[in-house]
Amino acid sequence: MLKVISIKKEYSGFKALDDVSLTVDTKERLSIRGESGCGKSTLLMIIAGLTEADSGQILKDGKELPAVPHKRGISMVFQDATLWNHMTVKENILFASMIKDKKKRNEEAEKLAEAFGIESMLDRYPTQISGGQAKRVAIARALAAEREILLLDEPFSNLDKDWREKTLIKTKELTEGKCAVILVTHNNEEAELFCDRHLTMEEGKFVE
Numbered sequence: 033m034l035k036v037i038s039i040k041k042e043y044s045g046f047k048a049l050d051d052v053s054l055t056v057d058t059k060e061r062l063s064i065r066g067e068s069g070c071g072k073s074t075l076l077m078i079i080a081g082l083t084e085a086d087s088g089q090i091l092k093d094g095k096e097l098p099a100v101p102h103k104r105g106i107s108m109v110f111q112d113a114t115l116w117n118h119m120t121v122k123e124n125i126l127f128a129s130m131i132k133d134k135k136k137r138n139e140e141a142e143k144l145a146e147a148f149g150i151e152s153m154l155d156r157y158p159t160q161i162s163g164g165q166a167k168r169v170a171i172a173r174a175l176a177a178e179r180e181i182l183l184l185d186e187p188f189s190n191l192d193k194d195w196r197e198k199t200l201i202k203t204k205e206l207t208e209g210k211c212a213v214i215l216v217t218h219n220n221e222e223a224e225l226f227c228d229r230h231l232t233m234e235e236g237k238f239v240e
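In this text, residue positions in the sequence shown follow our numbering: the first is 33, and each later residue adds one.
Below is the structure:
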């Protein structure tokens, strides 16, 4: 279980998050909806350990999360793909994978690449693929990490209508029953298709 307790964050006097609390059960699928700038992405960044809150706590299974992001048991897909340009698509997918056996690692990369329609691009570099393809690589990379919590920040943006639907369905299929998911989106249809519980954020707070 993930528990966010009274998180506050300000930027130059602007309240990005105003006393936000949240509980996410193990393997629950939660969407956070709201307009751009309401605090959704800031909350995910703080949960991931990539931004520091001004005050508050984040607990996982009753224990405070480690300060070091990669020790939190969390993977994240950002609004931008944020791939490593010096690594191939395959290397990016396997970057955080816990699989040690080389053959199994390659099989995992190929399986995920096929699932997201990027199997012909494994040996290419991020600069050699489109923005939509890079986004699918980023999702495959997050799934390969097999963490207990998956944070998705507008993961299906930059995808055309056809690939948006295919990628959403495949991501849901590959994560269901395996991890807790928090999906940040302003797209109500995506939220309803992907998640079981929904929250709305306005001006740094959850609203009814």
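Cβ atoms here follow ideal geometry from the backbone N, Cα and C, with glycine treated the same way.
Beta-bridge partners of residue i, as assigned by DSSP
i: VAL169; result: Beta-bridge pairing links VAL169 to no other residue.
i: GLN89; result: ILE37
i: ARG65; result: THR217, THR232
i: MET108; result: LEU183
i: LYS237; result: GLU234
i: LEU49; result: LYS41
i: LYS95; result: LYS92
i: VAL121; result: In DSSP, VAL121 forms no bridge with anything.
i: LEU54; result: VAL36
i: ALA15; result: Nothing in the structure corresponds to residue 15, since the chain is present only between 33 and 240.
Residue from the options with nearest C-alpha to residue i
i: GLY81; options: GLY94, LYS95, ASP93, ILE106; result: ILE106
i: ASP185; options: ALA99, TRP195, ALA170, PHE127; result: ALA170
i: ILE78; options: ALA141, LEU49, GLU123, ALA176; result: LEU49
i: GLU180; options: ASP57, SER38, GLU205; result: ASP57
i: SER38; options: GLN89, THR83, GLY69; result: GLN89
i: GLU235; options: PRO98, GLY69, MET33; result: GLY69
i: LYS95; options: LYS134, GLU67, MET33; result: MET33
i: GLU142; options: LYS122, ASP133, ASN220; result: LYS122
i: LYS59; options: ALA212, ASP228, GLU240; result: ALA212
i: GLU208; options: ASP194, ASP228, ARG196; result: ASP228
Residues of its chain near residue i, where Cβ-Cβ distance is below 7 Å and the 5 sequence neighbours each way are ignored
i: LEU200; result: PHE188, GLU222, LEU225, PHE226
i: ALA166; result: ALA113, LEU115, PRO158
i: LEU206; result: ALA147, LEU175
i: GLU67; result: HIS218
Cβ-Cβ distance between residue i and residue j below 9 Å
i: GLY71; j: MET233; result: yes
i: LEU144; j: MET108; result: no
i: LYS40; j: SER73; result: no
i: HIS102; j: ALA128; result: yes
i: LYS198; j: GLY149; result: yes
i: GLN178; j: MET130; result: Here residue 178 turns out to be Glu, not Gln, going by the sequence shown. Yes.
i: ARG168; j: LEU191; result: yes
i: VAL52; j: LYS237; result: yes
Close-in-space but distant-in-sequence residues of the same chain around residue i (CB under 6 Å, 5 per side omitted)
i: LYS35; result: THR55, LEU91
i: LYS136; result: none
i: ALA147; result: LYS202
i: ASN124; result: LEU115, TRP116, VAL169, ARG173
i: ILE161; result: MET153
i: LEU97; result: ILE90, ARG104
Residues near residue i in its chain [Cβ-Cβ closer than 8 Å; skip 5 each side]
i: GLN111; result: SER73, ASP185, GLU186, SER189
i: GLU42; result: ALA48, ASP86
i: LEU231; result: LEU54, LEU62, SER63, ILE64, ARG65, PHE238
i: ASP93; result: MET33
Three or more beta-carbon pairs under 8 Å between the region 53-69 and the region 216-233, yes or no? Touching, yes, given that three or more Cβ pairs across the two stretches are closer than 8 Å.
At a cut of 8 Å, does the region 201-213 reach the region 156-164 through at least three beta carbon pairs? Fewer than three Cβ pairs drawn from the region 201-213 and the region 156-164 lie within less than 8 Å of each other, which leaves the two stretches out of contact.
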